[in-house]
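Everything below concerns the one structure shown next.
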Amino acid sequence: MNTPLITKEGIVTRWPKNRQQRREILEYLASKFEPNKVYHELEVNELLKQWHSFQDWSGLRRELIDRGYLIRNREGTKYRLTK
Numbered sequence: 004m005n006t007p008l009i010t011k012e013g014i015v016t017r018w019p020k021n022r023q024q025r026r027e028i029l030e031y032l033a034s035k036f037e038p039n040k041v042y043h044e045l046e047v048n049e050l051l052k053q054w055h056s057f058q059d060w061s062g063l064r065r066e067l068i069d070r071g072y073l074i075r076n077r078e079g080t081k082y083r084l085t086k
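In this note's numbering, the protein residues as written are 4 to 86.
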């Protein structure tokens, strides 16, 4: 990904203010999830922790859900990619 928000190691360094950059970051993070795999909340958190450095995995998880990249069950315990 060609953005100053991601290190050469692939770590997202901050949450951008720009809407287009936010979309790109969410697409990038969504690409780290396996299609058709069901994740428990802790697994989602751990995966997101691996790919960002600003310690807001719950905010990123919420953004991925709100923007339609992930869906979760009613109990909020299981997640999977939508795309």
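Every residue gets a Cβ at the ideal spot worked out from N, C-alpha and C, and that includes glycine.
Could you check if residue i is buried or exposed, using at least 16 other CB atoms within 10 Å of its CB as the buried criterion?
i	result
Arg64	buried
His55	buried
Leu45	exposed
Phe57	exposed
Report the CB separation of residue i from residue j in whole angstroms; it is logged as a contact under 8 Å.
i	j	result
Leu67	Leu29	6 Å
Tyr42	Arg83	7 Å
What residues match up with residue i in a beta bridge as DSSP calls it?
i	result
Leu8	Answer by DSSP bridge pairing: none, since Leu8 is not bridged.
What span of residues does the beta strand (DSSP E) with residue i cover, start to end?
i	result
Arg83	81-84
Beta strand (DSSP E) runs wholly inside the segment 29-77, at least 3 long, in chain order:
With a minimum length of 3 residues, the continuous beta strand (DSSP E) runs that stay inside the segment 29-77 are 73-75.
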